[in-house]
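Since the structure comes first, as structure tokens, the remarks are kept for the end.
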Amino acid sequence: MRLLVTRPLVDAMPLAEQLAGQGHDVLVSPLINIELDTQALVPPAAAHGGLAFTSANGVRAFMAQSDAQRVAPDEMAAWQQSPVFAVGPQTAAAAQAAGFTAIHQAAGELAALAHLIDAHYDAALPVLHIAGRHRSGDLAALLDEKAVPAQRAVLYRAEAAETFSDAARAALSDAEEPVDGVLLYSQRSATIFLALYNALPPHSALRPTAYCLAETIADTVREAGFMAHAPMTADSAALLDLLAV
Numbered sequence: 008m009r010l011l012v013t014r015p016l017v018d019a020m021p022l023a024e025q026l027a028g029q030g031h032d033v034l035v036s037p038l039i040n041i042e043l044d045t046q047a048l049v050p051p052a053a054a055h056g057g058l059a060f061t062s063a064n065g066v067r068a069f070m071a072q073s074d075a076q077r078v079a080p081d082e083m084a085a086w087q088q089s090p091v092f093a094v095g096p097q098t099a100a101a102a103q104a105a106g107f108t109a110i111h112q113a114a115g116e117l118a119a120l121a122h123l124i125d126a127h128y129d130a131a132l133p134v135l136h137i138a139g140r141h142r143s144g145d146l147a148a149l150l151d152e153k154a155v156p157a158q159r160a161v162l163y164r165a166e167a168a169e170t171f172s173d174a175a176r177a178a179l180s181d182a183e184e185p186v187d188g189v190l191l192y193s194q195r196s197a198t199i200f201l202a203l204y205n206a207l208p209p210h211s212a213l214r215p216t217a218y219c220l221a222e223t224i225a226d227t228v229r230e231a232g233f234m235a236h237a238p239m240t241a242d243s244a245a246l247l248d249l250l251a252v
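Heads up: the sequence shown at position 102 corresponds to 109 in this note's numbering, and the numbers run straight through without jumps.
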């Protein structure tokens, strides 16, 4: 299959290599560019009972504070021993690789993460959500409904791409060798994809099928007239299994 990978570059390249190794023809065109904010203030670990990560980008942004010497080594060590609540397996894997040890993993969606925190969080201090400036949901609000104290630290920006890459733009308009599928991992990337696709010059290429991390993302592109598939669980491995069907 000819596939378009739209993840941020740091995630897109290993995914593209994996797909190419499976025999796919892969194009990369990140729809979201991650910009870390190493000047942001990270509150002390002693004032919080744990961390919540809603993406692997959040883990990277948090660890970048240490690299920029905004968080002292002993303070980072204290954070790494705190409970961590990760939205899904990729985020949990990123947290483990970053040295966190007490990791709780949700099923891949924000509501599931809020439920997980509610079930396992027993500290009187607030949980700290490491977030980006652009968010598709409000974890703090979901936790507030469950009477779980929470605060948010915005440590990165997820900026929307203004256009597809040259190769992707040409391929999406190619009627002879069209793109068979596009991989969409977030609601926001789906929205950006639709906007950029609709801005392409008129062409006769067939629309690619969307392979989406979650059913809610698939619904968004279906409403725009695309065929879309999503796995039963919001998990990257399950998503890639769809490509083998």
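Ideal Cβ positions, reconstructed from N, Cα and C, are used throughout, including at glycine.
Per DSSP, F200 is one residue of the alpha helix (DSSP H) stretching across 194-205.
Contact check for V161 against A147 fails: the beta carbons are separated by 8 Å or more. Annotation: L135 to A157 spans about 6 Å, alpha carbon to alpha carbon.
Sorting G28, S36, H31 by C-alpha distance to the C-alpha of A174 places S36 at the top.
Excluding its 5 nearest sequence neighbours in each direction, L201 has C-beta neighbours in its own chain below 6 Å: A231, listed in chain order. The beta carbon of L16 sits closer than 6 Å to the beta carbons of P37 from its chain, once the five residues preceding and following it are set aside; these are given in chain order. For I39, the closest C-alpha among the options M239, V78, T13, A241 is that of T13. Counting along the chain, the unbroken alpha helix (DSSP H) around Q97 starts and ends at 96-104. Bridge partners of E166 according to DSSP: N40.
For D18, the secondary structure class from DSSP, reduced to helix, strand or coil, is helix. Going by beta carbons, L43 and A79 fall outside the 8 Å limit. Going by beta carbons, E184 and R9 fall inside the 8 Å limit. Distance from P96 to D248 at the Cβ level is roughly 14 Å; contact not present, criterion being Cβ atoms closer than 8 Å. Judged by DSSP in its simplified three-state form, D226 adopts helix.
Note on R67: 16 or more other CB atoms within 10 angstroms of its CB, so buried under the neighbour-count rule. Note that the region 100-115 touches the region 50-67; at least 3 beta-carbon pairs, one per stretch, sit closer than 8 Å.
Within the same chain, Cβ atoms closer than 6 Å to the Cβ of L149 are found at A121, the five residues on either side in sequence being excluded.
The C-alpha of A47 lies about 21 Å from the C-alpha of F92. If the five residues before and after L22 are omitted, its C-beta is found closer than 7 Å to the C-beta atoms of V12, R14, all from its own chain and listed in chain order. Taking the CA atoms as reference points, Q88 sits about 44 Å from D187. The three-state secondary structure of L132, taken from DSSP, is coil. DSSP, reduced to helix, strand and coil, places F69 within a helical segment of the structure shown.
Exclusion of the five residues before and after G115 leaves V94, G95, P96, L220, A221, T240, A241, D242 as the residues of its chain whose Cβ lies within less than 8 Å of its Cβ.
By the C-beta density criterion, L190 is buried, having at least 16 other C-beta atoms within 10 angstroms. For A109 and E152, the gap between their C-alpha atoms comes out near 25 Å.
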